[in-house]
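Asker:
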Amino acid sequence: MKKIGLLIVLFISLNSCSNDDSDNKADAVVTDYYGKWVQYNEPKSDHPSSNQYSYVFNKDNTFSKTRIYESINVTLTGTFEIIIQDNLTRFVLTYKEKKENSFISNCGGGLIESFTLDKSSKLIDDARACDAAFVFKKAN
Numbered sequence: 112m113k114k115i116g117l118l119i120v121l122f123i124s125l126n127s128c129s130n131d132d133s134d135n136k137a138d139a140v141v142t143d144y145y146g147k148w149v150q151y152n153e154p155k156s157d158h159p160s161s162n163q164y165s166y167v168f169n170k171d172n173t174f175s176k177t178r179i180y181e182s183i184n185v186t187l188t189g190t191f192e193i194i195i196q197d198n199l200t201r202f203v204l205t206y207k208e209k210k211e212n213s214f215i216s217n218c219g220g221g222l223i224e225s226f227t228l229d230k231s232s233k234l235i236d237d238a239r240a241c242d243a244a245f246v247f248k249k250a251n
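Note that the sequence shown ends on residue 251 in our numbering; no numbers are left out.
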């Protein structure tokens, strides 16, 4: 009888330690990409430049990037594509501008910018390889 009791306790403890977090909404990755994304910084950062950028992604695959800093508002627009491959979600943005712009975040210049959606639902700037460490979260 003790063996049966131990088996039941063992079975219950194994099931309670299951790694199925599918019901945990806090860890769910964003799948509704459309809408406004705002620059995210650690809560300690209160410098005005730490939240100057935002993006709006529209359902017609157009976007706008806005920078508001020291009462100057700059907006660039273009189109975007979402590429899902090997469990990674990437946003590839192509600007309509005719020439390079320092406002476009990339390592090599040009009119293309890209981001990777991480597991905490933040867009990480792919130009982080060249010190452009911008991170964005979806606005509520």
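Heads up, the beta-carbon is just placed ideally off N, CA and C, and yes, glycines get one too. All values reported here derive from a predicted model rather than from experimental measurement.
Is Phe-168 buried or exposed, if buried means 16 or more other CB atoms sit within 10 Å of its CB?
Answerer: Burial call: buried.
Asker: Can you give me the C-alpha to C-alpha distance between Ile-223 and Ala-244, rounded to a whole angstrom?
Answerer: Straight-line Cα distance between these residues: approximately 16 Å.
Asker: Decide if Gln-150 is buried, meaning its Cβ has at least 16 other Cβ atoms within 10 Å, or exposed.
Answerer: The residue in question, Gln-150, is buried, as its Cβ has 16 or more Cβ neighbours within 10 Å.
Asker: Could you check how far apart the C-beta atoms of Leu-204 and Phe-174 are, in whole angstroms? I think they sit under 8 Å.
Answerer: Contact holds; Cβ gap of about 6 Å.
Asker: So, using beta-carbon positions, are Lys-207 and Thr-188 closer together than 8 Å?
Answerer: Going by C-beta atoms, Lys-207 is nearer than 8 Å to Thr-188.
Asker: Quick one, are the C-beta atoms of Phe-247 and Lys-233 less than 8 Å apart?
Answerer: Yes, Cβ-Cβ distance for Phe-247 and Lys-233 is below 8 Å.
Asker: Counting along the chain, where does the beta strand (DSSP E) carrying Lys-249 start and finish?
Answerer: It spans 246-249 - the beta strand (DSSP E) in which Lys-249 sits, taken as one unbroken run.
Asker: Looking at C-alpha atoms only, which residue of Ile-183, Cys-218, Arg-178 is the closest neighbour of Arg-239?
Answerer: Closest by alpha carbon: Cys-218.
Asker: Taking 8 Å as the threshold (C-beta atoms), are Arg-178 and Gln-163 in contact?
Answerer: Yes. Within cutoff.
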